[in-house]
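Engineer: For the record, the sequence lines run as chains A and B.
Per my numbering, the first sequence starts with residue 1, numbered consecutively.
Per my numbering, the second sequence starts with residue 1001, numbered consecutively.
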Amino acid sequence: MTTVTEMRVEDKLYQNRYLVDAGRPHIRILPHDKPSAALLSLTRVCPAKCYEENDKGQVEITPDGCMECGTCRVLCEASGEIEWNYPRGGYGVLFKFG
Amino acid sequence: MIDERFDAIVIGAGMAGNAAAYTMASRGLKVLQLERGEYPGSKNVQGAIMYASMLEKIIPDFREDAPLERHIIEQRFWMMDDRSHTGMQYRSDDFNEDKPNRYTIVRAQFDKWFSRKCREVGVTLLTETTVTDLLVDSTGKVLGVKTDRKGGAIQADVVVLAEGVNGLLGTRAGLREPPKPENVALAVKEMHFLPAETIESRFNIKGDEGVVVEAAGTITKGMTGLAFLYTNKESISLGIGCLISDFAETRESPYTLLETFKAHPSIAPLIAGSEVKEYAAHMIPEGGYKAIPQLHGDGWVVVGDAAQLNNAIHREGSNLAMTSGRLAGEAIHRLKAGRQPMTKENLKLYKELLDESFVMKDLKKYKDMPALLHTNSANFFQSYPQLISRAAQNFLRVDGTPKIDMEKKTTRSFIEKRSRIGLISDAVKLAFAWR
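This is the structure in structure tokens:
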């Protein structure tokens, strides 16, 4: 198949409209030494690439580009590794087409 | 903030929420609807195909002013491997009827329209309002909601939870379990804009006619999933989704899958030169009948995606959402009209109406399909597409090999890959799950 170069998801998110609630992230990762397999998988599976592994091997989140799909909640809320809430009313992603 | 008391509070302004709100308000109930987005639709994502008969039951003359894109006259099912697709295609002029059966829609526009209809029949809508908690008394009865606006709680006789597949409220209040990774898919989608004439010539259509392509195969890398391409008026919606449990296991990136699908030789020419204006992601309930939670309790009902009401096999979601919203609305209205309290026992009426409808009958029919497709995903989504492509090539490529040898080669490739027992067992399991 045609080789697909690793897509920069930032270029995709750039098309979207957001109202970021500065200083009030709606998803938090709880402090950890070593992430679980599920938490680590989010660095690949999150469709907005909000999750990244830092140089200490811990997983960090920047939810500004979050599309509020809930995939990370389904994978990591039950284990207590993340806290997930919806943004305040009016904030977050604002789909033009959906 | 709001001192009034409402007959019902509807949480969410998607398909299910709007259907419920409209049904109740048009029958004279006092309805408050809460939506966290800037406008109804701003948080909602769908392919999207809308089935007319379910909306007709709510708003019979919707065709007069609803924002509809194209009515579907042709369906293509594609089984894809990396370089080919084997297709089943159905097109009929019968679909060019006065009142077409299904349409493509753009949810942000459609939901705004549906919400306007709700307000026209008297629904009070508050947007930019996130419900933070359900108000529950010591006996577990839901009394109302708390929001992130100033002023505290709002009370009602009944709360309709139309909070979507990732609804937090019902799960946090212990009314149902959060979705499990094997029961929900993650789908990503893009909106590709092209002139209407270009879409019409590429898909061999005219006027408002539209085409649907749904594709499975190696494009999901062995994961249980499906890709789609829908023609809108001046855009193409295109996306791909797989079970979240499969994503977590394979660590595939959804956007890379989407890019690979777009680059497929069967897809790329259809979207060539388009301008992408949005990238969206959303979860889809896939657990089917066995994943449906408790649907009613003291002072509450749950509808639509929040209740996992989605038919993954027929790729129908919004019509189940609309129907469950409508039936919940009808049940609540009947109880209200009979001055009966909104108890768990009385609200069973909603469940009974749903059981009698196509919603539960269809989901029950396919109750074993999700598990089958999930446990056999490598066969159904990887091996068979490759084998079918090879079989088609053996049939079509003429190079002087006797036909009997070609047929043997095809049969052998299936047996080598899956074994006789495996083939028979897959066929039997599929037949049983389908019947």
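Even for Gly, the Cβ is constructed at its ideal location relative to N, Cα and C.
Please confirm whether Ile1424(B) has its beta-carbon closer than 9 Å to some beta-carbon of chain A.
Structural biologist: If you number the second sequence from 1, residue 1424(B) lands on position 424. Ile1424(B) does not count as touching chain A.
Engineer: Going along the chain, which residues of its own chain have a beta-carbon closer than 7 Å to the beta-carbon of Cys45(A), five neighbours each way excluded?
Structural biologist: Here residue 45(A) refers to the residue found at position 45 of the first sequence. First, the amino acid is wrong: residue 45(A) is Val here, not Cys. The answer, listed in chain order, is Thr71.
Engineer: Give me the residue from Leu1243(B), Leu1354(B), Tyr1230(B), Val1212(B) with the minimum Cα distance to Ala1371(B).
Structural biologist: Here residue 1371(B) corresponds to residue number 371 of the second sequence, with the count starting at 1. If we check each option's Cα against that of Ala1371(B), Leu1243(B) comes out closest.
Engineer: Rounded to a whole number of angstroms, what is the C-alpha to C-alpha distance between Gln942(B) and Gly1239(B)?
Structural biologist: Lying outside 1001 to 1435, the shown extent of chain B, residue 942(B) is not represented and no answer is given.
Engineer: Excluding the 5 residues flanking Met1(A) on each side, which residues of the same chain have their C-beta closer than 6 Å to its C-beta?
Structural biologist: Sequence index remark: in the first sequence, residue 1(A) carries index 1 (1-based). Note that Met1(A) scores a pLDDT of 45, beneath 50, so its modelled location is shaky and nothing firm can be said.
Engineer: Pick helix, strand or coil for Tyr1366(B), following the three-state DSSP scheme.
Structural biologist: Stepping through the second sequence from its first residue, residue 1366(B) is reached at position 366. Of the three classes helix, strand and coil, the one that applies to Tyr1366(B) here is coil, per DSSP.
Engineer: Quick check on Asp1208(B): does DSSP put it in helix, strand or coil?
Structural biologist: Residue mapping note: residue 1208(B) aligns to position 208 of the second sequence, counting from 1. Asp1208(B): coil per DSSP, three-state reduction.
Engineer: Consult DSSP for His1374(B) and reduce its assignment to one of helix, strand or coil.
Structural biologist: Counting from one through the second sequence, the residue named residue 1374(B) turns up at place 374. Helix, per DSSP.
Engineer: Given that Leu75(A) touches chain B, what residues does it touch there, using C-beta distances under 7 Å?
Structural biologist: Along the first sequence, read from residue 1 onward, the residue named residue 75(A) stands at position 75. The contacting residues are Pro1181, Ile1244, Ala1248.
Engineer: Taking Glu1069(B) as the query, report the chain A residues whose CB atoms sit under 9 Å from its CB, ordered along the chain.
Structural biologist: By one-based count along the second sequence, residue 1069(B) stands at place 69. None at all; the shortest Cβ gap to chain A is about 11 Å.
Engineer: Please go through the same chain and pick out, in chain order, the residues whose beta-carbon is closer than 6 Å to the beta-carbon of Asp1157(B), but skip the five residues on each side of it.
Structural biologist: Residue 1157(B) sits at position 157 when you count from the first residue of the second sequence. Answer for Asp1157(B): Asp1007, Met1342, listed in chain order.
Engineer: Along the chain, where does the alpha helix (DSSP H) that runs through Leu1430(B) open and close?
Structural biologist: Start at 1 with the first residue of the second sequence, and residue 1430(B) comes out as number 430. Start and end: 1420 to 1434.
Engineer: Between Asn1166(B) and chain A, is any beta-carbon pair separated by less than 9 Å?
Structural biologist: Looking up residue 1166(B) in the second sequence gives position 166. Chain A, which has a Cβ nearer than 9 Å to the Cβ of Asn1166(B), makes this yes.
Engineer: Determine, using beta carbons only, whether Arg44(A) comes closer than 9 Å to chain B.
Structural biologist: In the first sequence, the residue the question calls residue 44(A) occupies position 44. So yes, Arg44(A) belongs to the interface.
Engineer: Would you call the segment 1186 to 1201 of chain B and the segment 1344 to 1355 of chain B touching, i.e. three or more CB-CB distances under 8 Å?
Structural biologist: Touching, no.
Engineer: So Glu1330(B) is in the alpha helix (DSSP H); what residue range does that whole segment cover?
Structural biologist: Taking the first residue of the second sequence as 1, we reach residue 1330(B) at position 330. 1318 to 1337 is the extent of the alpha helix (DSSP H) around Glu1330(B).
Engineer: Would you report the Cα separation of Leu1168(B) and Pro1178(B), rounded to the nearest angstrom?
Structural biologist: Taking the first residue of the second sequence as position 1, residue 1168(B) is located at position 168. Taking the first residue of the second sequence as position 1, residue 1178(B) is located at position 178. Spanning the two alpha carbons is a distance of roughly 8 Å.
Engineer: Which chain A residues sit within Cβ distance under 9 Å of Tyr1103(B)?
Structural biologist: Stepping through the second sequence from its first residue, residue 1103(B) is reached at position 103. Neighbours of Tyr1103(B) on chain A: none; closest Cβ ~15 Å, over 9 Å.
Engineer: Which residues in chain B have a C-beta closer than 8 Å to the C-beta of Ala22(A)? List them in chain order.
Structural biologist: Translated into positions along the first sequence, residue 22(A) becomes position 22. The premise fails here: Ala22(A) is roughly 16 Å from chain B at the closest Cβ pair, so nothing lies under 8 Å.
Engineer: Just to confirm before moving on: does the CB-CB distance between Tyr1103(B) and Gly1210(B) stay below 9 Å?
Structural biologist: Taking the first residue of the second sequence as 1, we reach residue 1103(B) at position 103. Taking the first residue of the second sequence as 1, we reach residue 1210(B) at position 210. Yes, the pair counts as a contact, with Cβ atoms nearer than the cut-off.
Engineer: Identify every residue that forms a DSSP beta bridge with Gln1075(B).
Structural biologist: The residue labelled residue 1075(B) in the question sits at position 75 within the second sequence. According to DSSP, Gln1075(B) bridges with Tyr1090(B), Val1212(B).
Engineer: Please report the Cβ distance between Ala1162(B) and Gly1304(B), rounded to the nearest whole angstrom; I am assuming they are in contact, meaning their Cβ atoms lie under 8 Å.
Structural biologist: For the purposes of this step, residue 1162(B) is taken as residue 162 along the second sequence, with counting starting at 1. For the purposes of this step, residue 1304(B) is taken as residue 304 along the second sequence, with counting starting at 1. Ala1162(B) to Gly1304(B), Cβ: 5 Å. Contact.
Engineer: Helix, strand or coil for Ala22(A), going by three-state DSSP, please let me know.
Structural biologist: Here the question's residue 22(A) lines up with position 22 in the first sequence. Coil, per DSSP.
Engineer: If we define contact as Cβ-Cβ less than 9 Å, is Pro25(A) a contact residue for chain E?
Structural biologist: Absent from the structure is chain E; the protein chains it does hold are A and B.
Engineer: How far does the beta strand (DSSP E) with Phe1006(B) in it extend, from its first residue to its last?
Structural biologist: To locate residue 1006(B), count along the second sequence from 1; it is residue 6. That run of the beta strand (DSSP E) goes 1006 to 1011.
Engineer: What are the start and end residues of each continuous alpha helix (DSSP H) run of 4 or more residues lying completely inside the segment 1095 to 1128 of chain B, in chain order?
Structural biologist: The segment 1095 to 1128 of chain B contains these whole alpha helix (DSSP H) runs: 1107 to 1120.
Engineer: 9 Å is my cut-off, CB to CB: does Val9(A) come that close to chain B?
Structural biologist: Mapped onto the first sequence, residue 9(A) falls at position 9. Yes, contact with chain B.
Engineer: Would a C-beta distance cut-off of 9 Å place Ile1219(B) and His1264(B) closer than the cut-off?
Structural biologist: Counting from one through the second sequence, the residue named residue 1219(B) turns up at place 219. Counting from one through the second sequence, the residue named residue 1264(B) turns up at place 264. The answer is yes: Cβ separation under 9 Å.
Engineer: Report the partner residues of His1282(B) according to the DSSP bridge assignment.
Structural biologist: Working through the second sequence from its first residue, we reach residue 1282(B) at position 282. Ala1187(B).
Engineer: Name the residue from Trp1300(B), Ile1072(B), Ser1026(B) whose alpha carbon lies nearest to the alpha carbon of Ile1205(B).
Structural biologist: Counted from its first residue, the second sequence places residue 1205(B) at position 205. Closest by alpha carbon: Ile1072(B).
Engineer: In three-state terms, what does DSSP make of Thr1132(B)?
Structural biologist: If you number the second sequence from 1, residue 1132(B) lands on position 132. Strand.
Engineer: Here's the rule I'm using: 16 or more other beta-carbon atoms within 10 Å means buried, otherwise exposed. How should Gly1028(B) be labelled?
Structural biologist: Against the second sequence, residue 1028(B) aligns to sequence position 28. Exposed, by the Cβ-count rule.
Engineer: Chain A partners of Pro1254(B), CB-CB under 8 Å?
Structural biologist: Along the second sequence, one-based indexing puts residue 1254(B) at 254. Residues of chain A passing the Cβ test: Val45, Pro47.
Engineer: Assuming the contact rule is C-beta atoms closer than 8 Å, Leu1229(B) and Gly1241(B) should be a hit. Round their C-beta distance to whole Å, please.
Structural biologist: On the second sequence, position 229 is the one that residue 1229(B) refers to. On the second sequence, position 241 is the one that residue 1241(B) refers to. Contact flag wrong, Cβ pair sits at about 13 Å.
Engineer: Below 9 Å on C-beta distance, what does Val1184(B) contact in chain A?
Structural biologist: Looking up residue 1184(B) in the second sequence gives position 184. Here the neighbours are Gly70, Thr71, Val74.
Engineer: Apply the 10 Å Cβ neighbour rule to Leu1396(B) and answer buried if 16 or more other Cβ atoms are within range, or exposed otherwise.
Structural biologist: Walking along the second sequence from the start, residue 1396(B) turns up at place 396. Exposed.
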